[in-house]
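In mature numbering (1 follows the signal peptide of the UniProt record, and there is no 0), the protein residues as written are -28 to -1, 1 to 323.
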Amino acid sequence: MKLTKTNLKGIAAAAVFAGTMAMAPVSALAVANNPTYVGDQTLVTKQWDAASPSQLNNDETFTFQISYDGAEQVGTWDVATLNFQTKTVDLTADWATLANGGTSASASLTARQLFGNTNFYNPGIYTFTVREIAGSNPNITYSGVVYKVKVNVSMPDDYPAGTQTVIRSIKVYDSAGNKVGDTATFENTESENESLNVSKTVAGTAANTGDTFTYTLDLGGVQGNYAYEIKSGSTSVSTGEISSGQTFKLKHGQAIEIKNLPKGATYTVTEADTEYDETNTVNDVASTDGHVASGTIAATNNVAFKNERGFAPDTGITMNTLPFVTVGIVAAVGGATLVISRRRRSSGEDF
């Protein structure tokens, strides 16, 4: 083929165009060979601090929400439209087991658990919001912290030979835009709580200070078990856990402290029927029904039950002797009637 000046110009122009295309970034969406997913690095850490070990359990679930805010352009690459819908992710763990007798436990979620199969197929900085959704456990104050999570995506180091996008980093920022680090930490603390104290006093000439009295505890606005301690004066008698609907027993001079009940919870303490006269006070105010004491957990929660039992007036008649006294009265009346009848007969009178 004979090269003319026109042909040389055309070949040169094509070569320049081809070289330009090879060296310049393409202002378009990248087409990766395979999806680009986040890895299994820890992204969310949850710490649960309880008021007592008895409030930790192995069933508690904490829920987190992640939503997509948008993306920033990197270089001349177009911003991709992610197929990401706001979603919630649950975190469960054997919290009580992890605490190992303590009052605190922690567990975590990975980036993959939060983002799932979101495909970061194009370079850009993708921003998400992560927050905790408050649960319903009244023993917990849920975290209100909100974090921003930025996923930085670029082309690989060997681009343009390689076209698989790479996640360079996942960083966490607070709501003010300050960089926090690699992990969003949510700490849940115990809710405001107080103790319920129930004491027992026995009095009266027929009282027995060795008697045992049974009480039923009904609670509202609570969840799970609560630690208690029974004392006689300053001496500890027993400890354990109690929940709503269960019973406890007290003797004269004893008191039970039921600990860490959330403020605002309600309580009803009902004494089983006895042969005593029952009265009680709630924070020094007399209750209408001596068997039942109720109230709402506040700064002070003192219930005092008093049972009294005395002998009847000293007439010499008791329930044990009453049958014999009755027989004696009947016999006396019968004897008197017989004497009167004989006298009337001896005088000739009709009875």
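Glycine included, each C-beta is placed from N, C-alpha and C at the ideal position.
In chain order, what residues of the same chain lie with their CB nearer than 7 Å to the CB of residue i, ignoring the 5 residues before and after it?
i, result
"Q218", "L189"
"F56", "Y40, T90"
"S141", "N124"
"G192", "A237, T238"
What distance in whole Å lies between the Cβ atoms of residue j and residue i, which are believed to be in contact at a cut-off of 8 Å?
i, j, result
"F36", "K172", "Contact flag wrong, Cβ pair sits at about 47 Å."
"K143", "A79", "With a Cβ gap of about 22 Å, K143 and A79 do not count as contacting."
"G262", "N252", "6 Å"
"G282", "G182", "About 17 Å; that fails the 8 Å criterion."
"L54", "Y98", "7 Å"
For residue i, collect the residues of the same chain with a Cβ closer than 6 Å to its Cβ; drop the 5 residues on either side in sequence, then sort them by chain order.
i, result
"L70", "A77"
"S204", "G225, Q226"
"V51", "A43, Q45, G96"
"V264", "T242"
Going by DSSP, what residues sit across from residue i in a beta bridge?
i, result
"S208", "K203"
"P234", "N165"
"Q19", "S78, E159"
"N124", "I97, S141"
"L222", "F185"
"Y131", "Paired residues: none, contrary to the question."
"G192", "T238"
"R281", "Looking at the DSSP assignment, R281 forms no beta bridge with any residue, so it has no partner."
"L63", "F34"
"S39", "T101"
Would you mind working out which of the options sits nearest residue i, comparing C-alpha positions?
i, options, result
"L63", "N273, G107, N94, T53", "G107"
"D12", "T155, G196, K120", "T155"
"A23", "G47, Y248, Y200", "Y200"
"Y198", "K59, T186, G212", "G212"
"T207", "G192, I214, S215, E229", "E229"
"A270", "E250, D50, S163, F220", "S163"
"F185", "V102, T75, Y248", "Y248"
"F100", "S126, P132, S147", "S147"
Take residue i and list the residues in its own chain whose beta-carbon comes closer than 8 Å to its own, dropping the five residues that flank it on each side.
i, result
"Y145", "Y119, K120, V121, K122, K151, V152"
"P7", "N89, N91, Y93"
Would you say the beta carbon of residue i comes nearer than 7 Å to a heavy atom of the ligand HEM?
i, result
"T186", "Annotation note on the ligand HEM: not contained in the displayed structure, which lists no ligands."
Taking a contact to mean a Cβ-Cβ separation below 8 Å, would you say residue i touches residue j in this structure?
i, j, result
"L86", "I38", "yes"
"N30", "A68", "yes"
"T268", "T238", "yes"
"L168", "L222", "no"
"P110", "G73", "no"
"V46", "G116", "no"
"T60", "I105", "yes"
"N274", "V174", "no"
"D21", "N165", "no"
"S215", "G196", "yes"
"L81", "V170", "no"
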